[in-house]
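To start, the structure itself, in structure tokens.
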Amino acid sequence: MKPLDKKCIFCDIVNGNISARVITQNECAIAFLDAFPLSKGHTLLIPKKHYSKVQDMDQIYSSSMFNLLRNVTAAVEEAAGTKASTIAIHNGVEAGQEISHVHIHIIPRTHNDGAGPIHSMFRNKPKIDNGEMDLVLDKVKLLLQAKRLQ
105 MKPLDKKCIF
115 CDIVNGNISA
125 RVITQNECAI
135 AFLDAFPLSK
145 GHTLLIPKKH
155 YSKVQDMDQI
165 YSSSMFNLLR
175 NVTAAVEEAA
185 GTKASTIAIH
195 NGVEAGQEIS
205 HVHIHIIPRT
215 HNDGAGPIHS
225 MFRNKPKIDN
235 GEMDLVLDKV
245 KLLLQAKRLQ
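Counting from 105, one number per residue, gives the positions in the sequence shown under this note's numbering.
This is the structure we're talking about:
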């Protein structure tokens, strides 16, 4: 985690070097309209410190981000005239993260927007049998347990 990154467009927004249509903010996070919206009301929510991935954020920043998300989502949906939204985080370059600064998309959705559910994003779905699923489950649990013991 870096306080701010001089090459990051989101850090420039936090610093006020680039203007944004700011909706609201708290001590650790800021919500603003996406400059390249996928739907009316498409909003981005970012931490005010430069974190590349969700797991890099400390508890204070992650809590502040999700508290702001919880409060902003209903207002964005209502302002956009929708009853639903897709909330997305691309966590790393391989996941489609284009700016290496944690950001949460709030994308108001309608039945006719053509976007579909998250499962429609993946053309090459893996065939994972029950044994492999159990191995992944056990490994994740062990890693979480080891982290708690540190």
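Note that the Cβ used here is the ideal one computed from N, Cα and C, for glycine as well.
For my contact list, L149 and I210 are in at a C-beta cut-off of 8 Å; report their separation, rounded to the angstrom. Counting from 1 along the sequence shown, the entry for residue 149 is found at position 45. Counting from 1 along the sequence shown, the entry for residue 210 is found at position 106. Sure, about 7 Å apart at Cβ, within 8 Å.
State the start and end residues of the unbroken alpha helix (DSSP H) segment that holds A250. Your numbering for residue 250 matches position 146 in the sequence shown. First-last of the alpha helix (DSSP H) with A250: N234 to L253.
Taking only three categories from DSSP, how would you classify H223? The residue given as residue 223 occupies position 119 in the sequence shown. Three-state DSSP puts H223 in a helix.
Do the stretch 160–172 and the stretch 128–139 meet, that is, are 3 or more Cβ pairs less than 8 Å apart? Judged by Cβ distances under 8 Å, the stretch 160–172 makes contact with the stretch 128–139, as three or more pairs qualify.
Simplified DSSP assignment, three categories, for R125: The sequence position of residue 125 within the sequence shown is 21, counting from 1. Residue state, collapsed to three classes: coil.
If you drop the 5 nearest sequence neighbours on each side, which residues of the same chain put their C-beta closer than 8 Å to that of E202? Mapped onto the sequence shown, residue 202 falls at position 98. H194.
For G200, I'd like the list of residues in its chain whose CB is within less than 7 Å of its CB, leaving aside the five on either flank, ordered along the chain. Taking the sequence shown and counting its residues from 1, one reaches residue 200 at position 96. Excluding positions up to five away in sequence, the list reads H194.
Consult DSSP for A183 and reduce its assignment to one of helix, strand or coil. Along the sequence shown, read from residue 1 onward, the residue named residue 183 stands at position 79. A183 sits in a helix when the DSSP states are folded into three classes.
According to DSSP, residues forming a beta bridge with A192: Sequence index remark: in the sequence shown, residue 192 carries index 88 (1-based). Secondary-structure assignment with DSSP links A192 through a beta bridge to H209.
Please look up how many angstroms separate the CB atoms of V180 and S189, rounded, as I've assumed it's under 8 Å. Residue 180 sits at position 76 when you count from the first residue of the sequence shown. Residue 189 sits at position 85 when you count from the first residue of the sequence shown. Between S189 and V180 the Cβ distance is about 7 Å, and since that is below 8 Å, they are a contact.
Quick check: the Cα distance between S168 and E131, rounded to an integer number of angstroms? The sequence position of residue 168 within the sequence shown is 64, counting from 1. The sequence position of residue 131 within the sequence shown is 27, counting from 1. When rounded, the distance between both Cα atoms is 8 Å.
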